[in-house]
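Colleague: In the working numbering, the protein residues as written are 19 to 803.
Shown below is the structure under consideration.
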């Protein structure tokens with residue numbers, strides 16, 4: 019029989035000893051854990067677990083800040099940046115609902131802890147992270163600022179996490195709770211070039227952060243979870259973003275920031291995005307911003323930092339204060355956007371295959387078109403890029419004949435759009451040459467401040483600036499320079515009369531190798547007319563007589579003194595506008611007349627500040643006296659005749675809009691501007707360039723319209739004149755400006771100089787709309803030629 023084994027019962031003393039042993043082990047393990055925990059903190063603080071920022075970096079964390087372009091009415095026109103489109107805002111600029119949403123969702127005890135939420139940490143450990151994370155806003159900020167890349171290695175990630183905890187506590191000592199919240203909003207990347215809350219609110223909702231609504235704030239806070247996953251754009255994850263937004267609203271209700279009814283009502287709404295991308299090729303004043311990019315790079319070359327290093331246009335957070343008025347810029351772009359598709363439709367109508375087999379070119383032979391296209395090919399960006407890649411000319415030329423997938427510009431129902439197509443690059447060049455382009459600049463003549471700048475139709479597809487870079491024949495808009503010279507030299511009056519008959523300036527009289535004879539567009543050469551009528555109706559023979567009287571050299575000198583820097587040959591033909599001049603130069607020159615003979619160099623930038631608000635640049639006005647106030651006023655009076663009874667008279671009313679024979683492009687939209695206006699239309703000989711220069715006492719605006727190549731032009735004068743191509747843009751722009759009372763655009767008459775000695779009231783011998791003066795009348799003002 020087997021012997022039974024009986025377990026010996028432990029005594030109470032032995033049980034007590036065992037318990038004591040377990041307690042000792044617990045406390046050893048616990049103490050060791052605590053020591054290890056604090057040791058890791060200590061090692062992290064010494065930088066032994068990875069590089070730690072010192073106090074100077076904590077005081078000024080290194081973040082890339084975009085340079086901001088600010089309008090004269092304190093609106094952001096755009097930014098310069100490479101990777102980070104970030105412009106910081108202060109805590110005071112954040113709406114309460116946005117801050118509440120962040121705290122309720124990310125860190126409800128934000129105002130109670132010192133960087134680490136121990137309650138949340140313990141909860142996360144016990145529940146293995148299933149009850150939510152434990153990262154505080156301060157820790158998340160530390161991660162954003164100082165963890166360049168989250169490690170996939172668990173041990174390394176633990177070390178990173180400890181470093182973030184240490185940095186979080188240091189941030190808490192360095193900054194207030196409010197400053198930490200602002201820094202977190204400013205540092206986060208919300209996707210789609212929306213770096214920081216200001217860019218995010220502008221890009222996703224088209225507004226500043228202070229104007230965000232509750233549901234918009236909730237959406238942006240919801241994106242903190244993962245902006246790559248929770249991307250609200252329609253082709254990404256709008257439903258997921260909406261669900262995440264509703265979680266934020268639920269958290270706000272849970273912690274009593276909002277009521278249940280508000281939560282329920284907002285959770286049923288859509289995202290209602292107003293997606294407004296902030297890229298270099300989109301947004302407002304794109305052509306001006308392209309000019310400003312070069313201006314700033316030139317300024318940076320000449321103006322180093324105090325330590326000798328150069329400013330970085332894209333990272334240093336500069337602020338550029340400009341003269342552009344965002345409202346006027348909008349009205350200018352709106353006017354261009356309204357007129358150009360209608361004008362383009364008429365241009366395309368003449369270039370249908372049955373009407374023009376060489377479209378979009380007119381009056382060119384096949385060989386001339388080939389030469390023009392080959393020249394354009396060698397000047398193209400595609401040629402430059404392929405050449406830089408080491409391609410031979412033969413290879414590059416072949417590539418222009420290879421069908422390629424591309425997106426091209428098109429007008430669709432009067433709006434700019436893109437068409438995805440397959441096209442040979444050479445064919446796309448010809449396609450783009452069929453589009454008419456505008457150039458427009460608006461300036462305050464009294465200060466030189468440029469208020470609006472539209473350098474083309476669509477910067478994404480047409481990046482050449484037709485305000486400052488483009489120079490085209492100015493046509494009859496040059497004539498006021500001739501008249502001003504004659505008034506200055508001969509003390510002429512707008513009421514003086516001049517014969518309409520033709521005049522020939524013999525060869526070599528003024529350097530002209532051949533005899534030069536001006537012709538009138540209407541074929542009339544009989545009788546006399548006043549200077550005011552002659553300019554108002556753009557009578558070429560009258561201008562030619564004045565040119566013969568004063569000579570080309572003084573006219574060239576006059577134009578140069580008015581700020582024209584383009585080359586102007588001293589020959590008689592310049593009287594009719596043969597020189598190529600930019601819109602920028604022409605506006606500044608005309609502004610001199612409106613400013614009583616004082617030239618102001620155009621101003622675009624008033625000052626530049628660094629990110630701390632230190633002024634780095636302050637503009638100094640550049641002015642010079644060019645004309646006497648009397649001559650300037652008389653020239654303006656002459657140009658008022660253009661609008662009163664000449665080629666610009668359609669600005670006055672809608673006198674033809676009810677006749678189906680005429681279209682809005684010719685008649686007006688209507689404008690019905692009744693205030694005093696001085697101006698001049700300009701049309702080149704083959705209808706390739708249309709101009710209108712218009713002035714009121716405190717605003718001068720010039721508009722040019724034409725195709726890239728002069729060989730692409732209107733066939734008939736009805737549409738191919740300045741009054742049809744360019745004047746409508748001016749009229750619509752001014753009508754919008756007058757409609758905005760805050761702009762205070764003048765409707766007054768131009769100020770008459772005291773003791774004016776030149777007679778400008780021609781009403782006593784100009785009546786009933788007849789611009790011909792009877793040579794038998796007893797007039798003292800007949801010019802002796």
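Built from N, CA and C at the ideal position, the CB exists for glycine as well.
Out of 403, 729 and 746, which one is the CA nearest neighbour of residue 351?
Modeller: 746
Colleague: Within the chosen definition, does the region 458–474 reach the region 530–542 through at least 3 CB pairs nearer than 8 Å?
Modeller: no
Colleague: If we count the other Cβ atoms within 10 Å of its Cβ and call it buried at 16 or more, is residue 739 buried or exposed?
Modeller: Per the 10 Å Cβ criterion, buried.
Colleague: Flag this pair as touching only if the region 639–646 and the region 483–500 have three or more C-beta atom pairs under 8 Å; answer yes or no.
Modeller: no
Colleague: Exposed or buried, which one is residue 45 when buried takes at least 16 other CB atoms within 10 Å?
Modeller: exposed
Colleague: Going straight from the alpha carbon of residue 704 to that of residue 447, what length do you get?
Modeller: 22 Å
Colleague: Within the same chain, show all residues whose beta-carbon is closer than 7 Å to that of residue 613, passing over the 5 residues directly before and after it, in chain order.
Modeller: Contacts found: 463 and 464.
Colleague: How far does the beta strand (DSSP E) with residue 423 in it extend, from its first residue to its last?
Modeller: That run of the beta strand (DSSP E) goes 422–430.
Colleague: Who are the near neighbours of residue 450 in its chain, counting only those whose CB is closer than 8 Å to its CB and skipping five residues on each side?
Modeller: 426, 427, 479, 480 and 726
Colleague: Please name the residue in 130, 105, 127 and 258 whose C-alpha comes closest to that of residue 14.
Modeller: Coverage of the chain is limited to positions 19 through 803, which leaves residue 14 absent and any answer about it impossible.
Colleague: Considering only C-alpha positions, which residue in the set 300, 404 and 545 is nearest to residue 516?
Modeller: 545
Colleague: Quick check: what's the CA-CA separation for residue 400 versus residue 96?
Modeller: 27 Å
Colleague: Answer with buried or exposed for residue 592, where buried requires no fewer than 16 other C-beta atoms within 10 angstroms of its C-beta.
Modeller: buried
Colleague: Ignore the nearest five residues each way along the sequence and tell me which others in residue 489's own chain have a CB closer than 7 Å to its CB.
Modeller: The beta carbon of residue 489 lies closer than 7 Å to those of 584, 598, 599 and 600 in the same chain, with the five residues before and after it left out.
Colleague: Which residue comes first and which comes last in the beta strand (DSSP E) that contains residue 326?
Modeller: Here residue 326 belongs to no beta strand (DSSP E), and DSSP marks it neither H nor E.
Colleague: Output the boundary residues of the alpha helix (DSSP H) element that contains residue 507.
Modeller: 497–508
Colleague: Would you call residue 418 buried or exposed, if buried means 16 or more other Cβ atoms sit within 10 Å of its Cβ?
Modeller: buried
Colleague: Relative to the C-alpha of residue 90, which residue among 749, 210 and 345 is closest?
Modeller: 345
Colleague: Spell out the partners DSSP gives residue 456 in its beta bridges.
Modeller: DSSP output for residue 456 lists 723 as bridge partner(s).
Colleague: What residue from 119, 153 and 123 has the CA that sits closest to residue 132's CA?
Modeller: 153
Colleague: Using the rule of at least 16 other Cβ atoms within 10 Å of the residue's Cβ for burial, across every protein chain shown, is residue 373 buried or exposed?
Modeller: exposed
Colleague: Using the C-alpha atoms, what's the distance from residue 343 back to residue 88?
Modeller: 9 Å
Colleague: In the DSSP output, which residue or residues are listed as bridge partners for residue 697?
Modeller: 712
Colleague: Apply the 10 Å Cβ neighbour rule to residue 559 and answer buried if 16 or more other Cβ atoms are within range, or exposed otherwise.
Modeller: Looking at its Cβ environment, which holds 16 or more other Cβ atoms inside 10 Å, residue 559 is buried.
Colleague: Distance, Cα to Cα, residue 278 vs residue 199?
Modeller: If you take the alpha carbons of residue 278 and residue 199, they lie about 26 Å apart.
Colleague: I'd like to check one pair, residue 733 with residue 380: are the Cβ atoms closer than 8 Å?
Modeller: yes
Colleague: Which whole-angstrom value is the C-beta distance of residue 422 and residue 444, which I expect to be below 8 Å?
Modeller: With a Cβ gap of about 10 Å, residue 422 and residue 444 do not count as contacting.
Colleague: Taking its Cβ as the centre, do 16 or more other Cβ atoms sit within 10 Å of residue 122, making it buried, or is it exposed?
Modeller: buried
Colleague: At which residues does the beta strand (DSSP E) containing residue 342 begin and terminate?
Modeller: Counting along the chain, residue 342 falls outside any beta strand (DSSP E), and DSSP gives it neither H nor E.
Colleague: The alpha helix (DSSP H) spanning residue 308 covers which residue range?
Modeller: 304–320
Colleague: Should residue 324 go down as buried or exposed, given a rule of 16 or more other Cβ atoms within 10 Å for buried?
Modeller: So residue 324 ends up on the exposed side.
Colleague: Would residue 512 be called buried (16 or more neighbouring beta carbons within 10 Å of its own) or exposed?
Modeller: Within 10 angstroms of the beta-carbon of residue 512 lie 16 or more other beta-carbons, which makes it buried.
Colleague: Just to confirm before moving on: does the CB-CB distance between residue 631 and residue 607 stay below 8 Å?
Modeller: no
Colleague: Within the region 235–276, note down every full alpha helix (DSSP H) run reaching 4 residues or more, in order along the chain.
Modeller: 256–272
Colleague: With a CB to CB cut of under 8 Å and the five nearest residues on each side skipped, what residues in its chain are close to residue 653?
Modeller: 498, 501, 502, 505, 611 and 645
Colleague: So what does DSSP say about residue 643, is it helix, strand or coil?
Modeller: strand
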